[in-house]
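Student:
Numbering (the working numbering), first residue to last: 701 to 1015.
#1: Counting C-beta neighbours from all protein chains within 10 Å, is the total for residue 910 16 or more, i.e. buried, or is it exposed?
#2: Comparing alpha-carbon positions, which option in 1012, 987, 787 lies nearest residue 953?
#3: Which same chain residues, not among the five before or five after residue 872, have their C-beta less than 6 Å away from its C-beta?
#4: Indicate whether at least one CB of chain D lies closer than 7 Å to the CB of residue 962.
#5: Have a look at the DSSP bridge pairing and note the partners of residue 887.
#6: Rounded C-beta distance between residue 827 and residue 802? I'm assuming under 8 Å.
#7: How many Å lie between residue 767 and residue 814 at the Cα?
#8: Within its chain, find whatever has a CB closer than 6 Å to the CB of residue 832; leave out the 5 residues flanking it on each side and keep chain order.
#9: Compare the C-alpha of residue 846 against each of 994, 883, 775, 955 and name the closest.
#10: Would you mind stating whether residue 956 and residue 940 have Cβ atoms separated by less than 7 Å?
#11: Are the beta-carbon atoms belonging to residue 774 and residue 1002 less than 7 Å from one another?
#12: Which first and last residues belong to the beta strand (DSSP E) in which residue 835 is found?
#13: Using three-state DSSP, classify residue 946 as helix, strand or coil.
#14: For residue 996, name the three-state secondary structure that DSSP assigns.
#15: So within the region 770-848, which uninterrupted alpha helix (DSSP H) runs reach at least 4 residues, ignoring any that extend past its ends?
#16: What does the Cβ neighbour count give for residue 730, buried or exposed, with the cut at 16 atoms within 10 Å?
#17: Return the CA-CA distance between residue 991 and residue 970, expressed in angstroms with no decimal places.
#18: Checking 7 Å against the spacing of the C-beta atoms, do residue 1000 and residue 777 come in under that value?
#19: Measure the C-alpha to C-alpha separation of residue 929 and residue 964 and round it to an integer number of angstroms.
#20: Assign residue 793 to one of two classes, buried (16 or more other C-beta atoms within 10 Å of its C-beta) or exposed (fewer than that).
#21: So which of 754, 786, 862, 936 has the shortest CA-CA distance to residue 902?
#22: From this set, 899, 885, 900, 879, which residue's C-alpha is nearest residue 891's C-alpha?
#23: If you reduce the DSSP assignment to three classes, tell me which class residue 866 lands in.
#24: Pick out whichever of 937, 945, 923 has its Cα sitting closest to the Cα of residue 914.
#25: Please go through the same chain and pick out, in chain order, the residues whose beta-carbon is closer than 8 Å to the beta-carbon of residue 806, but skip the five residues on each side of it.
#26: Return the chain-ordered list of same chain residues with a C-beta closer than 6 Å to the C-beta of residue 967, the five sequence neighbours on each side being excluded.
#27: Could you spell out the range, first to last residue, of the beta strand (DSSP E) harbouring residue 974?
#28: Could you have a look at residue 762 and say whether DSSP puts it in helix, strand or coil?
#29: Run the CB neighbour count on residue 748, radius 10 Å, all protein chains shown included, and call it buried at 16 or more, exposed below.
#30: With DSSP collapsed to three states, give me the class of residue 1012.
#31: Are the Cβ atoms of residue 870 and residue 919 separated by less than 7 Å?
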């Protein structure tokens, strides 16, 4: 049996695929992390920094580029297929834990009829940024309670530029985050947010506080190999609830759930990903509802599986 996930490989498994959300996805410190390490995977212990010195452009600010193909992605009532380019960053410096990505949709002009992107008057830019600020670090002492190792002020900002205001979305989640000690090789973190909605593709909840998000992230190292690669399972689930969208539109829902499952096969620089993502009421749309956006009636498909595959380079 190969040695499992040696310490110098831990950070090379980056946050990986949160960008598949359009993701997610997250990479892993897959064994018990150092005292300043985050279960989301954005922090670096001193020995990991030293071991990585020279492999990447920065000893704490990690970056990668990934080309991702997606199939049946149900963040709206019509599943989309796309091939897009993603720039991703992640790292920790002092109290600041950083993670984010920027996508260029339909970069190769390949997608289904419901997919619009940079070349055909769709959105030229989609991005998500998830910074967290350590309350423990700012307090200068550990605030651990039971299994909760560290507390954060947490944010999640999602922006879809769109070709015009009616095709634009701008959402800010803000709240409290934690890292949780599982007393195992499983890394676990949880965040709880309130949602403020600016633009939302013309929906009725624009420019208002509307609902909440409970988020759970879990990372499990599977194995490392003699060729220098490692295999990691990364999962995260977002449960959105308490929205008022359904009150004036029966095709919308008060809640939505997206559960993401990632296999990441990573070398020092090269990385390969396979993702299965389950949607329930994706985008707060009622599955099976009859809709008409001006091009004829159709039934919403907001429940079911979507898939991603990606290849990237970390630098």
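Every residue, glycine too, gets a C-beta built ideally from N, C-alpha and C.
Tutor: This is what the structure holds:
#1: Result: buried.
#2: 987
#3: 857, 896
#4: Of the protein chains in this structure there is only one, and it is not chain D.
#5: 919
#6: 4 Å
#7: 20 Å
#8: If we look at residue 832 and ignore the five residues flanking it on each side, its Cβ neighbours are 797, 852, 854, 877.
#9: 883
#10: yes
#11: yes
#12: Not the beta strand (DSSP E): residue 835 falls in the alpha helix (DSSP H), residues 835-839.
#13: helix
#14: coil
#15: 835-839
#16: Residue confidence is low: residue 730 scores 35 on pLDDT, short of 50, so the model does not pin down where it sits. No coordinate-derived value is stated.
#17: Roughly 43 Å separates the two Cα atoms.
#18: Inclusion of residue 1000 and residue 777 in the CB contact set at 7 Å is warranted, their separation being smaller than that value.
#19: Cα to Cα, the separation comes out at about 10 Å.
#20: Residue 793 comes out exposed.
#21: 862
#22: 879
#23: helix
#24: 937
#25: 782, 783, 784, 815, 816, 817, 818, 819, 820, 822
#26: Scanning its chain for C-beta atoms nearer than 6 Å, with the 5 sequence neighbours on each side dropped, one finds around residue 967 the residues 928, 929, in chain order.
#27: 970-980
#28: Annotated three-state conformation of residue 762 is strand, per DSSP.
#29: At residue 748 the pLDDT is 43, less than 50, meaning the model places this residue with poor confidence and gives no usable figure here.
#30: Assigned with DSSP and collapsed to three states, residue 1012 falls in strand.
#31: no
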